[in-house]
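Undergrad: If you scroll down you'll find the structure; I have some questions about it.
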Amino acid sequence: MSRLLAIAAALIIPAAAMAETIEGAVEVTGKIPVAGKLHREADPFCAKTPMTDPTVLAKGGKLENVWVHVSKGAPPATPPSTVVSMDQKNCMYVPRMTTAVVGQKIEAKNGDPVLHNVHTYLGAATLFNKGMPNDKAAPIEYVAKEEGVMKWKCDVHPWMRGYVGVSKNALGAVTGESGSFKIDNVPPGKYTVESWHEKFGTKTQEVTVEAGKPAKVTFKYDADKDKA
Ligand SMILES: [Cu+2]
């Protein structure tokens, strides 16, 4: 019996090990631009909360808000039933960078008592352009149709920016404050993995994921040379 169990376990364990991770960090070298003050004086509500430009957030050479995702080699995923939320709080898009899967619902909210005009783009093309008068405005619902970086701007407050990295597969993550990322549920295989940052642009790497061990990847940006 125990032998049978051992055989069963031997059969089951490789299946459980099918889901690996691609994990690592995004590093940045060179001269990191000093975050300037955002000029939010034109709107009295926004002006109450002084803020600096969050375009480049780097600590100890590690870069935050980088979308790292499998760009080639993975099949399309069934869109998750969870809703991706993009809020507007204190006249900023929150989060700055997040991810979605083609077919997944994305919701814009307004947590502020003032008008925001949500204007989203894929490249130069407008996806939707809609005003939200205040925090009582009903959320705007949008379903991601194509992969790429969905850019969010507000036509009232020119400093407002948000980004949703949309992919056909669900294999993506965004670097946190430590500059690290972890993509879960990656079957063993060969992939092209891409990193994207709003100021420093795109890098790609070929990554082989083997059963039983996480694939470690480091992306490196040069703040003096790399541009989106
Ligand atoms: Cu606004």
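Quick note on numbering: the numbering used here labels position 154 of the sequence shown as 159, and the sequence is numbered without any gaps. Virtual Cβ for every residue (Gly too), placed ideally from N, Cα, C. Computed from a prediction, not measured in an experiment: that's the story for all the values here.
Which residue wins for smallest C-alpha separation from Asn-234, given the options Lys-64, Glu-182, Glu-215?
TA: Since the displayed the chain opens at 6 and closes at 233, residue 234 lies outside it and no answer follows.
Undergrad: Val-119 and Asn-139 - do their beta-carbons sit closer together than 8 Å?
TA: Locating residue 139 in the sequence shown gives position 134, counting from the first residue. Locating residue 119 in the sequence shown gives position 114, counting from the first residue. Yes, they are a contact pair.
Undergrad: Would you identify the three-state DSSP class for Phe-205, choosing helix, strand or coil?
TA: In the sequence shown, the residue the question calls residue 205 occupies position 200. Looking at Phe-205 - three-state DSSP - the assignment turns out to be coil, as it is neither helix nor strand.
Undergrad: Using beta-carbon positions only, say whether Tyr-168 and Val-148 come within less than 8 Å of one another.
TA: On the sequence shown, position 163 is the one that residue 168 refers to. On the sequence shown, position 143 is the one that residue 148 refers to. Result no, Cβ atoms of Tyr-168 and Val-148 do not sit closer than 8 Å.
Undergrad: Using CA atoms only, rank isn't needed, just tell me which of Thr-34, Trp-201, Ile-111 is closest to Val-88.
TA: As a position in the sequence shown, residue 88 is number 83, starting the count at 1. Taking only the C-alpha atoms, the option nearest Val-88 is Ile-111.
Undergrad: Around the Cβ of Val-39, are there at least 16 other Cβ atoms within 10 angstroms (buried) or fewer (exposed)?
TA: Here residue 39 refers to the residue found at position 34 of the sequence shown. Exposure of Val-39 is indicated by the presence of fewer than 16 other C-beta atoms within 10 angstroms of its C-beta.
Undergrad: For Pro-193, tell me which candidate among Thr-213, Thr-104, Phe-205 has the shortest Cα-Cα distance.
TA: Taking the sequence shown and counting its residues from 1, the one referred to as residue 193 is at position 188. When each option's Cα is compared against that of Pro-193, the closest is Thr-213.
Undergrad: Report yes or no: do three or more beta-carbon pairs, one from the region 43 to 59 and one from the region 88 to 100, lie closer than 8 Å?
TA: Verdict: yes, contact present.
Undergrad: For Thr-209, count the other beta carbons within 10 Å of its own beta carbon; 16 or more makes it buried, fewer makes it exposed. Which is it?
TA: Position 204 of the sequence shown, counted from the first residue, corresponds to residue 209. Exposed, since its Cβ has fewer than 16 Cβ neighbours within 10 Å.
Undergrad: Specify, as a first and last residue, the run of the beta strand (DSSP E) that Cys-159 falls within.
TA: Looking up residue 159 in the sequence shown gives position 154. Per DSSP, the continuous beta strand (DSSP E) segment holding Cys-159 begins and ends at 153 to 159.
Undergrad: Could you check if Val-99 belongs to the surroundings of ligand 1, using beta carbon to heavy atom distance under 7 Å?
TA: On the sequence shown, position 94 is the one that residue 99 refers to. Val-99: no, Cβ never under 7 Å from ligand 1.
Undergrad: For Pro-144 and Asn-115, I'd like the C-alpha separation in whole angstroms.
TA: Counting from one through the sequence shown, the residue named residue 144 turns up at place 139. Counting from one through the sequence shown, the residue named residue 115 turns up at place 110. If I take the Cα positions, the gap works out to 7 Å.
Undergrad: Please go through the same chain and pick out, in chain order, the residues whose beta-carbon is closer than 8 Å to the beta-carbon of Val-107, but skip the five residues on each side of it.
TA: As a first step, residue 107 must be located in the sequence shown, where it is residue number 102. Sequence-distant partners of Val-107 (beyond 5 residues in either direction) whose C-beta falls short of 8 Å from its own C-beta, in its chain, are Pro-81, Pro-84, Ala-149, Lys-150, Glu-151, Glu-152, Val-171, Ser-172, Lys-173.
Undergrad: Could you work out which residue in Ala-130, Asp-160, Ser-76 is closest to Asp-48 when comparing CA atoms only?
TA: Here residue 48 refers to the residue found at position 43 of the sequence shown. Here the closest residue by C-alpha is Asp-160.
Undergrad: Using CA atoms only, rank isn't needed, just tell me which of Met-23, Met-91, Lys-141, Val-31 is closest to Asp-227.
TA: The sequence position of residue 227 within the sequence shown is 222, counting from 1. Of Met-23, Met-91, Lys-141, Val-31, the residue nearest in Cα terms is Val-31.
Undergrad: Examine ligand 1 and report whether any of its heavy atoms sits within less than 7 Å of the Cβ of His-121.
TA: The residue given as residue 121 occupies position 116 in the sequence shown. Yes, ligand 1 has a heavy atom inside 7 Å of this Cβ.
Undergrad: Under the three-state reduction of DSSP, which class applies to Gly-52: helix, strand or coil?
TA: Locating residue 52 in the sequence shown gives position 47, where the first residue counts as 1. Checking the displayed sequence, the identity of residue 52 turns out to be Ala instead of Gly. Residue state, collapsed to three classes: helix.
Undergrad: Is Lys-94 helix, strand or coil by DSSP?
TA: Numbered from 1 along the sequence shown, position 89 holds the residue referred to as residue 94. In the structure shown, Lys-94 sits in a strand (DSSP, three-state: E or B).
Undergrad: Does ligand 1 have a heavy atom nearer than 7 Å to the CB of Gln-93?
TA: As a first step, residue 93 is located in the sequence shown; it is residue number 88 there, counting from the start. It does: the Cβ of Gln-93 is within 7 Å (strictly closer) of some heavy atom of ligand 1.
Undergrad: Just the C-alpha distance for Lys-225 and Lys-141, rounded to the nearest angstrom, thanks.
TA: Indexing the sequence shown from 1 puts residue 225 at position 220. Indexing the sequence shown from 1 puts residue 141 at position 136. Roughly 43 Å separates the two Cα atoms.
Undergrad: Flag this pair as yes or no: are the beta carbons of Ser-200 and Val-61 separated by less than 8 Å?
TA: By one-based count along the sequence shown, residue 200 stands at place 195. By one-based count along the sequence shown, residue 61 stands at place 56. Result no, Cβ atoms of Ser-200 and Val-61 do not sit closer than 8 Å.
Undergrad: In this structure, how does DSSP classify Trp-72 when only helix, strand and coil are distinguished?
TA: If you number the sequence shown from 1, residue 72 lands on position 67. If DSSP states are grouped into helix, strand and coil, Trp-72 belongs with the strands.
Undergrad: Considering just the uninterrupted stretch of the beta strand (DSSP E) at Val-123, what are its terminal residues?
TA: As a position in the sequence shown, residue 123 is number 118, starting the count at 1. Unbroken beta strand (DSSP E) run through Val-123: 121 to 127.
Undergrad: Going by the C-beta, is His-4 closer than 7 Å to any heavy atom of ligand 1?
TA: Coverage of the chain is limited to positions 6 through 233, which leaves residue 4 absent and any answer about it impossible.
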